[in-house]
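Take a look at the structure below.
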Amino acid sequence: MPGSTRYFTSSRVFSRATPSGAPATVEVDTATGRVKRIHSGQAPDRKQLAADAADEDWIDVGDQWILPGLVDAHVHLNEPGRTEWEGFETGTAAAASGGFTTVIDMPLNAIPPTTTVENLKIKLDASHGKRHIDVGFWGGVIPDNADDLQPLAREGVKGFKGFLCESGVDEFPGIKEEHVLRAMKELDAAKSLFLFHAELDGSDHSHNEADPASYSTFLASRPPALEESAIDLIIRCAQQFPALRTHIVHLSASSALPSLRHARKGLGLPLSVETCFHYLCLSAEQIAQGKTLFKCCPPIRDDANRELLWQALIDGDIDFVVSDHSPCTTELKRLESGDFMKAWGGIGGLGLGLSLIWTEAHKRGIAMDKVLEWVASKPAKQVGLERQKGTIQEGGDADFVIFDPKETFTITKDELHFKNRASPYEGLELTGAVKATYLRGKRVYDRESGFTAGEAKLAGQLLL
1 MPGSTRYFTS
11 SRVFSRATPS
21 GAPATVEVDT
31 ATGRVKRIHS
41 GQAPDRKQLA
51 ADAADEDWID
61 VGDQWILPGL
71 VDAHVHLNEP
81 GRTEWEGFET
91 GTAAAASGGF
101 TTVIDMPLNA
111 IPPTTTVENL
121 KIKLDASHGK
131 RHIDVGFWGG
141 VIPDNADDLQ
151 PLAREGVKGF
161 KGFLCESGVD
171 EFPGIKEEHV
181 LRAMKELDAA
191 KSLFLFHAEL
201 DGSDHSHNEA
211 DPASYSTFLA
221 SRPPALEESA
231 IDLIIRCAQQ
241 FPALRTHIVH
251 LSASSALPSL
261 RHARKGLGLP
271 LSVETCFHYL
281 CLSAEQIAQG
291 KTLFKCCPPI
301 RDDANRELLW
311 QALIDGDIDF
321 VVSDHSPCTT
331 ELKRLESGDF
341 MKAWGGIGGL
351 GLGLSLIWTE
361 AHKRGIAMDK
371 VLEWVASKPA
381 KQVGLERQKG
391 TIQEGGDADF
401 VIFDPKETFT
411 ITKDELHFKN
421 RASPYEGLEL
431 TGAVKATYLR
441 GKRVYDRESG
451 FTAGEAKLAG
461 QLLL
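Following full-length UniProt numbering, the numbering of the sequence shown begins with 1 at its first residue and continues without gaps.
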């Protein structure tokens with residue numbers, strides 16, 4: 001049986017004290033699941049530090065890296081109501097396979113959506129016994145639920161998301177400027193966070209006569225101007241509530257960056273921005289006729305736009321990166337007809353993010369400490385979990401990723417652990433593989449043996 005203390009040692013541990021990585025041994029209290037101490041310097045001799053530790057409690061990964069557990073702040077788990085699309089058990093398993101130990105679930109695509117306290121409790125009940133990792137929740141803003149926002153905030157949701165266009169599901173309608181302002185008043189009083197799907201509904205229907213199986217047709221239907229106008233609306237409203245934190249989810253259009261810079265630096269608004277792995281790793285030029293797995297909203301744009309997003313991320317104009325895992329059944333992707341205009345818009349990719357972004361970052365000479373800001377510490381801070389998640393620190397949760405930065409692999413369906421194993425990432429060759437994931441010091445995933453070997457199977461907690 002495992003003891004009360006467990007040790008994780010590596011020639012390169014990425015901790016708060018050594019963000020660039022250094023030899024260390026991390027001592028974990030398995031009773032609490034927290035880090036007791038970080039022994040820095042040349043990895044100490046086991047006989048000196050842990051002579052009485054059982055073999056299973058001395059985990060020496062050699063030259064593989066020990067990273068903090070990752071945080072994905074934008075995931076659609078869809079349960080209850082659309083569990084044929086995704087569910088807590090399959091979604092959190094997929095996240096764990098990629099080193100993510102915390103996900104924050106979006107309020108829509110489940111039925112009911114997280115727009116009232118009663119609906120939140122239904123979702124919490126649905127997650128019972130199905131969480132491989134820890135799960136937090138966003139609430140939702142729809143036209144008629146302003147009075148529900150402060151009660152939801154008191155229940156512990158991490159913030160609230162609204163759509164400035166139609167969401168794609170009837171039970172989560174979009175909001176207009178008057179709804180935004182009313183919700184801002186409530187969320188300002190609650191000292192919460194307001195997230196926006198920043199696209200306005202378009203009025204140009206000239207694409208209706210174009211080939212629906214051509215990606216260019218879909219791309220033309222959602223031009224950057226829709227994002228730019230939505231962001232201008234958000235900034236205009238936010239100026240009336242200058243203390244309220246606002247956030248742009250899944251920024252796609254680099255042309256909106258000047259307005260965002262002005263809002264943050266010129267107006268001093270507490271506005272944050274995320275982008276997604278697919279906007280940084282994919283581009284319109286590689287999307288062939290009828291390949292609807294690539295459809296998402298806002299859309300994947302051209303390679304020049306992709307490079308500008310990368311530069312904004314490096315410069316700090318974009319704060320962090322998320323998956324926006326928004327899966328559906330393969331039938332809804334219209335794979336046979338290849339109709340981009342009718343296919344569901346959403347990317348399946350939960351769990352692939354670290355390898356995706358490390359592959360691209362490494363090409364650009366970007367070190368792992370910067371990557372970990374984007375996929376761990378900054379999203380953890382956004383949702384108020386920085387004292388326990390997003391970095392390896394004394395007193396924090398012992399959430400770890402064992403990572404081989406040099407191992408290469410090709411994404412096949414075997415690498416996909418979410419429910420509907422279809423993704424635009426299939427076929428990509430990536431560098432950097434997650435070898436194991438630990439939640440509070442106990443293994444939840446191993447690349448060789450999968451999930452059944454996990455000591456903490458389905459032991460993820462609710463983060464409220």
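Beta carbons are placed, not taken as given, at the ideal position from N, Cα and C, and that holds for glycine. Only a predicted model underlies this, so the values are computations on that prediction, with no experimental measurement involved.
The Cβ neighbour count for Q239, taken over all protein chains shown within 10 Å, is under 16; the residue is labelled exposed.
If the five residues before and after L332 are omitted, its C-beta is found closer than 6 Å to the C-beta atoms of W344, all from its own chain and listed in chain order. The three-state secondary structure of G139, taken from DSSP, is strand.
V13 has A22 and I66 as its beta-bridge partners, per DSSP. Of N305, A153 and D63, the smallest CA-CA separation from L282 is found for N305.
C-alpha of C276 to C-alpha of S323: approximately 5 Å in a straight line. Within the same chain, and ignoring the five residues on either side of D211 in sequence, the residues whose Cβ sits closer than 7 Å to its Cβ are T217. C-alpha of T30 to C-alpha of T102: approximately 18 Å in a straight line. With a beta-carbon spacing of about 5 Å, L226 and E199 fall inside the 8 Å limit used to define contacts. P405: member of the beta strand (DSSP E) spanning F400 to T410, first to last residue.
About 17 Å separates the CB atoms of D134 and G353; that is not less than 8 Å, and the two are not in contact. Inside the region 203 to 263, DSSP marks whole alpha helix (DSSP H) runs of 4 or more residues at positions 215 to 221, 224 to 238 and 257 to 261, from first to last along the chain.
In the three-state DSSP reduction, V61 falls in the coil class, being neither helix nor strand. Close CB contacts of D302 within its chain, under the 8 Å cut and outside five residues either way in sequence, are with S283, A284 and E285 (chain order). Per DSSP, the beta-bridge partners of R34 are D29 and D397. In the displayed model, L335 falls within coil according to three-state DSSP, outside both helix and strand. The beta carbon of S167 is closer than 8 Å to those of L108, P173, G174 and H197 in its chain, skipping five residues each way along the sequence. As DSSP reads the structure, K442 sits in a beta bridge with L439. Beta-bridge pairing by DSSP links C296 to no other residue. CA-to-CA, the gap between S259 and I235 works out to about 9 Å. When C-alpha distances from L77 are compared across P68, T114, L195 and E429, the shortest belongs to T114.
In terms of Cβ geometry, W65 and F403 form a close pair [threshold 9 Å]. Boundaries of the alpha helix (DSSP H) around K378: K378 to Q382. Take A263, set aside five residues on each side of it, and the residues of its chain with a beta-carbon closer than 6 Å to its own are I235, L269 and L271, in chain order. When DSSP states are grouped into helix, strand and coil, V375 belongs to the helix group. For D125, the enclosing alpha helix (DSSP H) begins and ends at V117 to A126. Of the candidates G316, S15 and G99, G99 places its Cα closest to the Cα of L350. Per the DSSP secondary-structure output, G450 pairs in a beta bridge with D446. Residue environment analysis places L372 among the buried positions, since at least 16 neighbouring C-beta atoms fall within 10 angstroms of its C-beta.
Apart from sequence neighbours up to five positions away, the residues of its chain that approach S10 with a beta-carbon distance below 6 Å are V61 and I66, ordered along the chain. Its chain contains G159, L193, F194, L195, F196, L271, S272, V273, E274 and Q382 as the residues whose beta carbon lies nearer than 8 Å to that of H247, once the 5 sequence neighbours on both sides are disregarded; these appear in chain order. Secondary-structure assignment with DSSP links C276 through a beta bridge to V322. In the three-state reduction of the DSSP assignment, I314 falls in the helix class, which pools H, G and I.
Looking at the DSSP output, R6 bridges to V28.
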